[in-house]
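J.:
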Amino acid sequence: MLSYVVAVPKSQQVHGPRIDFLIGQAPPEAWQRLSAGGGAKGERFYDWAAARLSAVWEFDGDEPTRQRWMLARRSIAKPAEIAYYFASAPLEATVADLVRIAGCRWKVEECFQSAKNECGLDQYEVRRYVGWYRHITLAMLAHAFLAVLASQERERGASSGTHPTSWTSHWLRFDVCWQLDPAAALRTATTR
Numbered sequence: 240m241l242s243y244v245v246a247v248p249k250s251q252q253v254h255g256p257r258i259d260f261l262i263g264q265a266p267p268e269a270w271q272r273l274s275a276g277g278g279a280k281g282e283r284f285y286d287w288a289a290a291r292l293s294a295v296w297e298f299d300g301d302e303p304t305r306q307r308w309m310l311a312r313r314s315i316a317k318p319a320e321i322a323y324y325f326a327s328a329p330l331e332a333t334v335a336d337l338v339r340i341a342g343c344r345w346k347v348e349e350c351f352q353s354a355k356n357e358c359g360l361d362q363y364e365v366r367r368y369v370g371w372y373r374h375i376t377l378a379m380l381a382h383a384f385l386a387v388l389a390s391q392e393r394e395r396g397a398s399s400g401t402h403p404t405s406w407t408s409h410w411l412r413f414d415v416c417w418q419l420d421p422a423a424a425l426r427t428a429t430t431r
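The number in the numbering used here is simply the position in the sequence shown, starting from 1, with 239 added.
Given below as structure tokens:
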């Protein structure tokens with residue numbers, strides 16, 4: 240069985256009651272401030288509450304090897320904003336482990352955003368599954384290739400100020416787009 244931490248809606252039922260109802264009954268001392276990992280502006284701290292769920296015997300057998308959890312993430316600045324999660328983890332997993340895994344979601348989203356920006360992951364105009372699948376596969380392969388190259392450059396100790404060769408053109412870049420007179424451009428081209 241796989242370990243997971245998955246976001247669920249507040250209407251998700253947990254052995255009967257909704258998850259938002261159960262989390263709403265958590266005592267104040269159940270909430271602890273933990274980091275979901277580093278972000279663009281430093282550590283991402285939230286208040287987290289976690290509760291172990293009872294085992295499901297038809298799935299876990301006589302001796303469970305995994306523990307199921309419900310988890311809630313509350314914004315520090317806006318305490319009314321709460322996200323809910325279900326988790327399944329080994330028996331020795333801690334709440335901090337679950338929070339770290341829940342925070343990995345942003346890395347996946349950053350990866351997809353990078354693939355969209357750098358490799359055109361979202362630039363397909365196809366009508367059939369085969370064409371879409373080929374485009375996605377090639378875009379992700381190109382993104383993986385670029386990630387490996389970037390990692391190798393970092394290992395070699397390249398300075399962080401270097402840019403890809405496409406950015407280091409000797410031609411000056413301008414913020415204006417010149418509008419040419421088509422008749423003048425045609426006269427110039429024919430007189431040469």
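Just so it is clear, CB atoms sit at the ideal spot from N, CA and C, and this is done for glycine as well.
#1: What does DSSP give as the partner residue(s) for W287 in the beta ladder?
#2: Below 8 angstroms on the Cβ atoms is my contact criterion, and I expect W287 with W308 to pass it. Report the Cβ-Cβ distance as a whole number of Å.
#3: What residue does the alpha helix (DSSP H) around V387 start on, and which one ends it?
#4: Going by the CB atoms, is the gap between S242 and A341 shorter than 7 angstroms?
#5: Straight-line CA distance for G276 to V247?
#6: Determine the closest residue to F315 out of A326, W345, S250 and R272, with distance taken between C-alpha atoms.
#7: Can the beta-carbon of L292 be found less than 7 angstroms from the beta-carbon of L310?
#8: Please check the pair Q396 and A378, which I expect to be a contact at CB under 8 angstroms, by giving their CB distance rounded to whole angstroms.
#9: So S353 is in the alpha helix (DSSP H); what residue range does that whole segment cover?
#10: Does the beta-carbon distance from A326 to V244 come in below 7 angstroms?
#11: Going by the CB atoms, is the gap between R312 and A322 shorter than 7 angstroms?
#12: Quick one: is Y285 buried, meaning 16 or more other Cβ sit within 10 Å of its Cβ, or exposed?
#13: Is it right to say Y324 is buried, meaning 16 or more other beta carbons lie within 10 angstroms of its own, or is it exposed?
#14: In three-state terms, what does DSSP make of W335?
#15: If you measure between the beta carbons of I258 and Q251, is that distance less than 7 angstroms?
#16: Considering Cα atoms alone, identify which of R367, Y363, A354 and Q362 is closest to L380.
#17: Would you tell me roughly how many angstroms separate the C-alpha atoms of V387 and Y368, rounded to the nearest one?
#18: Where V347 and E282 are concerned, what is the direct C-alpha to C-alpha distance, given to the nearest angstrom?
#19: Spatial neighbours of E216 within its chain, please: CB distance less than 7 angstroms, with the 5 preceding and 5 following residues excluded, ordered by chain position.
T.: Working from what's here:
#1: One-based indexing of the sequence shown puts residue 287 at position 48. According to DSSP, W287 bridges with Q271 and R312.
#2: Locating residue 287 in the sequence shown gives position 48, where the first residue counts as 1. Locating residue 308 in the sequence shown gives position 69, where the first residue counts as 1. No, W287 and W308 are not in contact; Cβ-Cβ is about 11 angstroms, not under 8 angstroms.
#3: The count along the sequence shown starts at 1 and reaches residue 387 at position 148. Run containing V387: Y368 to E394, per the alpha helix (DSSP H) assignment.
#4: Looking up residue 341 in the sequence shown gives position 102. Looking up residue 242 in the sequence shown gives position 3. No, these two residues do not count as a Cβ contact at 7 angstroms.
#5: Stepping through the sequence shown from its first residue, residue 276 is reached at position 37. Stepping through the sequence shown from its first residue, residue 247 is reached at position 8. The alpha-carbon separation between G276 and V247 amounts to approximately 20 angstroms.
#6: The sequence position of residue 315 within the sequence shown is 76, counting from 1. Rather than Phe, the amino acid found at residue 315 in this sequence is Ile. Here the closest residue by C-alpha is R272.
#7: In the sequence shown, counting from the first residue as 1, residue 292 sits at position 53. In the sequence shown, counting from the first residue as 1, residue 310 sits at position 71. Contact flag unset, no.
#8: Position 157 of the sequence shown holds residue 396. Position 139 of the sequence shown holds residue 378. Checking the displayed sequence, the identity of residue 396 turns out to be Gly instead of Gln. So it is not a contact: roughly 30 angstroms between Cβ atoms.
#9: The residue labelled residue 353 in the question sits at position 114 within the sequence shown. Looking at the DSSP string, the run of the alpha helix (DSSP H) that includes S353 is R344 to C358.
#10: Counting from 1 along the sequence shown, the entry for residue 326 is found at position 87. Counting from 1 along the sequence shown, the entry for residue 244 is found at position 5. Contact flag set, yes.
#11: Position 83 of the sequence shown, counted from the start, is the residue given in the question as residue 322. Position 73 of the sequence shown, counted from the start, is the residue given in the question as residue 312. In this structure, R312 lies closer than 7 angstroms to A322 by Cβ.
#12: For this step, residue 285 is matched to residue 46 along the sequence shown. Flag for Y285 reads buried.
#13: Counting from 1 along the sequence shown, the entry for residue 324 is found at position 85. By the C-beta density criterion, Y324 is buried, having at least 16 other C-beta atoms within 10 angstroms.
#14: Numbered from 1 along the sequence shown, position 96 holds the residue referred to as residue 335. As written in the sequence, residue 335 is Ala, which differs from the Trp given in the question. Residue state, collapsed to three classes: helix.
#15: Here residue 258 is taken as the residue at index 19 of the sequence shown, counted from 1. Here residue 251 is taken as the residue at index 12 of the sequence shown, counted from 1. Yes, the pair counts as a contact, with Cβ atoms nearer than the cut-off.
#16: On the sequence shown, residue 380 is found 141 positions in, with the first residue counted as 1. For the residues R367, Y363, A354 and Q362, the minimum Cα distance to L380 belongs to A354.
#17: Within the sequence shown, residue 387 is the residue found at index 148, counting from 1. Within the sequence shown, residue 368 is the residue found at index 129, counting from 1. Cα-Cα distance, rounded: 28 angstroms.
#18: Position 108 of the sequence shown, counted from the start, is the residue given in the question as residue 347. Position 43 of the sequence shown, counted from the start, is the residue given in the question as residue 282. Those two C-alpha atoms are separated by around 17 angstroms.
#19: Since the displayed the chain opens at 240 and closes at 431, residue 216 lies outside it and no answer follows.
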